[in-house]
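What follows is a set of notes on a single structure, which appears directly below.
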């Protein structure tokens with residue numbers, strides 16, 4: 001009962017792997033340089049990994065194993081540009097917080113094809129910047145703009161609601177190139193802006209206090225043209241705090257998105273949030289923390305200022321609570337979670353008796369025989 | 001190659017398999033070492049781990065029966081001396097594995113090192129599963145220990161151990177959401193030891209010491225660093241309060 005099913009064993013046998021030729025001293029991390037092309041096991045085809053697999057060219061299409069086809073892995077077949085681009089995009093999108101430029105450099109070197117790389121970068125960078133809530137300094141140094149779908153006017157133009165400006169963004173360089181005042185139709189009505197800016201003020205106070213490197217913004221997501229009381233509207237709050245410390249092999253980011261629906265009829269505000277925290281430490285290794293949580297809450301609708309205070313305090317409450325729960329997860333980690341994988345010491349609480357293994361296996365044999373005898 | 005290594009250092013360790021497959025399709029002249037597959041030895045009803053070290057063409061050799069699956073008539077097998085050591089190593093290592101891991105699967109593969117007259121042994125451990133202590137929901141630990149053993153000279157031999165551990169821990173509950181830590185580290189250790197007690201004792205002790213070190217640095221150093229990062233992003237209230245007098 002083999003969990004691996006070998007598909008399509010070709011008739012012309014692939015070059016054999018002489019097992020002995022594997023020299024471990026040239027065994028960097030998980031990749032081996034082998035003396036010649038090997039018939040590659042197509043592991044992704046049988047992957048049990050829960051992570052979503054990108055549309056890789058593996059396994060090769062089972063169609064028509066022609067006479068020229070030498071092995072199942074398709075090792076000899078060059079990838080099409082489309083396949084290369086998909087792989088490049090996957091790598092770029094999976095770059096840890098703050099590391100997409102390093103990944104881009106590697107991917108570019110591996111591809112050895114600038115046209116394919118440019119296409120992949122053009123596709124991956126905007127998505128990455130939005131997903132990571134990357135913040136960029138405005139050209140006039142009046143503040144930072146967060147790259148998020150909530151402020152996206154088109155592919156390269158993003159609204160900064162606080163300064164009512166629109167920044168043109170170079171996604172790949174991660175810089176703002178141009179700045180213009182937002183047009184009236186890009187901004188919310190005075191009535192909505194009163195709620196929005198009040199919340200922005202409260203939120204900025206909280207973010208400045210809680211996050212040494214945090215930025216935040218409040219966007220109107222629905223009902224921005226409402227002129228006065230009587231209709232529903234929605235906001236999105238975005239908080240992004242990133243720390244880059246490549247010289248210490250460490251990067252991380254805290255991202256939270258809170259959406260609120262103001263229901264006029266019920267005089268009620270529904271609040272939903274998602275917090276994501278990532279950390280990457282990679283000095284002689286690669287360890288990544290990846291956490292997220294969804295939260296829900298609500299409050300009554302009040303004046304713009306009072307609503308702002310109560311919403312900001314709800315966000316503060318949930319985010320501090322989440323930080324404590326992260327701390328707790330870390331505490332449990334060493335004592336319980338990690339022990340489930342591998343103990344510090346054997347169940348016997350002494351080092352393994354390598355010297356007595358002979359006696360050991362004899363006892364085992366005996367135990368086996370006894371068990372059989374039962 | 002350097003770019004590939006750097007990429008592997010940055011990609012989420014939980015997606016290492018996907019990342020490697022992607023790399024391999026860009027660099028077809030390389031092979032991969034990941035313990036993603038386990039197979040059942042039908043004769044002995046024991047599971048073993050599939051990797052590059054027990055592969056010949058499309059078949060994998062069971063360390064329990066020494067047979068290839070799917071059957072391969074002329075598959076490479078170790079010499080009798082190496083095979084005897086391999087049998088003993090598998091037996092003993094599975095007890096070791098049980099004592100430290102309380103479960104999991106282990107396999108040992110040994111073959112002659114034609115280049116230097118010694119041999120190479122590969123000790124593999126794979127542990128997957130759910131925690132019993134109520135915190136871990138999904139976890140996995142893959143350890144690959146490759147030891148190159150030099151020829152015996154004046155009663156001693158040189159041992160060069162390369163170890164890689166890849167692990168992933170996930171806890172998931174309503175209160176704390178999804179919490180995943182994953183990582184891979186690799187270390188090397190070389191020793192010249194008397195062979196009087198046998199190769200297995202020497203290799204076993206080195207692996208035990210190495211696994212202890214790797215586990216410890218993951219637990220204390222690597223996980224600690226990610227925790228520090230979280231506290232840098234958002235300092236806990238104690239830290240903020242301590243700062244107040246200054247401001």
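Residue numbers (full-length UniProt numbering), protein chains in the order written: chain A, 1 to 374; chain B, 1 to 247. Beta carbons are placed, not taken as given, at the ideal position from N, Cα and C, and that holds for glycine.
- Within 8 Å of the CB of residue 293 of chain A, the CB atoms of chain B belong to 176, 177 and 178, in sequence order along the chain.
- Within the same chain, and ignoring the five residues on either side of residue 204 of chain A in sequence, the residues whose Cβ sits closer than 7 Å to its Cβ are 216.
- Judged by DSSP in its simplified three-state form, residue 252 of chain A adopts strand.
- The continuous alpha helix (DSSP H) containing residue 328 of chain A extends over residues 304-332.
- The C-beta of residue 86 of chain B comes no closer than 8 Å to any C-beta of chain A.
- The C-alpha of residue 166 of chain B is placed about 48 Å away from the C-alpha of residue 164 of chain A.
- Taking 8 Å as the CB threshold, residue 153 of chain A stays off the interface with chain B.
- Within the segment 108-174 of chain A, the runs of alpha helix (DSSP H) that reach at least 4 residues and sit entirely inside it are, in chain order, 114-131.
- Chain-ordered, the chain A residues with CB closer than 9 Å to the CB of residue 223 of chain B read 281, 287, 289, 330, 333, 334 and 338.
- For residue 345 of chain A, there is no enclosing beta strand (DSSP E), as DSSP marks it with neither H nor E.
- At a Cβ-Cβ threshold of 8 Å, residue 54 of chain B and residue 109 of chain B count as neighbours.
- Across the structure, residue 205 of chain B and residue 354 of chain A are spaced so that their CA atoms are roughly 7 Å apart.
- Per DSSP, residue 234 of chain A is one residue of the beta strand (DSSP E) stretching across 233-245.
- In the displayed model, residue 263 of chain A falls within a strand according to three-state DSSP.
- Taking a 10 Å sphere around the C-beta of residue 335 of chain A, we find fewer than 16 other C-beta atoms and assign the residue as exposed.
- The C-beta of residue 208 of chain B comes closer than 8 Å to at least one C-beta of chain A.
- Residues of chain A with a Cβ closer than 9 Å to the Cβ of residue 83 of chain B do not exist, since the nearest Cβ in that chain sits about 13 Å away.
- Apart from the 5 residues on each side of it in sequence, residue 222 of chain A sits with its Cβ closer than 7 Å to the Cβ of 233 and 234 in its chain, given in chain order.
- Here residue 91 of chain B has no same chain residue with a Cβ atom under 8 Å from its own Cβ, once five neighbours each way along the sequence are excluded.
- For residue 274 of chain A, the secondary structure class from DSSP, reduced to helix, strand or coil, is strand.
- The segment 134-148 of chain B makes contact with the segment 339-354 of chain A; the number of CB pairs closer than 8 Å reaches 3 or more.
- DSSP places residue 237 of chain B in the helix class (H, G or I) of the three-state scheme.
- Within the segment 102-126 of chain B, the complete beta strand (DSSP E) segments at least 3 residues long are 105-112, listed from N- to C-terminus.
- Interface residue (Cβ-Cβ distance to chain A less than 8 Å): residue 141 of chain B is classified as such.
- DSSP places residue 90 of chain A in the uninterrupted alpha helix (DSSP H) bounded by 81-93.
- For residue 170 of chain B, the enclosing beta strand (DSSP E) covers residues 156-173.
- Closest option to residue 17 of chain B, judged by alpha-carbon separation, among A:115, A:91 and A:84: A:91.
- Residues of chain B whose Cβ lies closer than 7 Å to the Cβ of residue 206 of chain A do not exist; the shortest such Cβ separation is about 11 Å.
- Contact annotation: the segment 192-200 of chain B does not touch the segment 301-309 of chain A, with fewer than three C-beta pairs closer than 8 Å.
- By the CB criterion at 8 Å, residue 286 of chain A and residue 274 of chain A fall outside the cutoff.
- Under the three-state reduction of DSSP output, residue 230 of chain B falls in the helix class.
- The DSSP-derived three-state label of residue 354 of chain A is helix.
- Considering only beta carbons, the part of the segment 245-268 of chain A lying closer than 9 Å to chain B consists of 245, 248, 249, 250, 251, 252, 253 and 254, in chain order.
- Scanning A:331, A:297 and A:329 for the CA closest to the CA of residue 317 of chain A turns up A:297.
- In this structure, residue 157 of chain A sits away from residue 148 of chain A, with a CB-CB distance that is not shorter than 8 Å.
- Residue nearest to residue 111 of chain B within the set B:146, B:102, B:128 and B:93 is B:146 (criterion: CA-CA distance).
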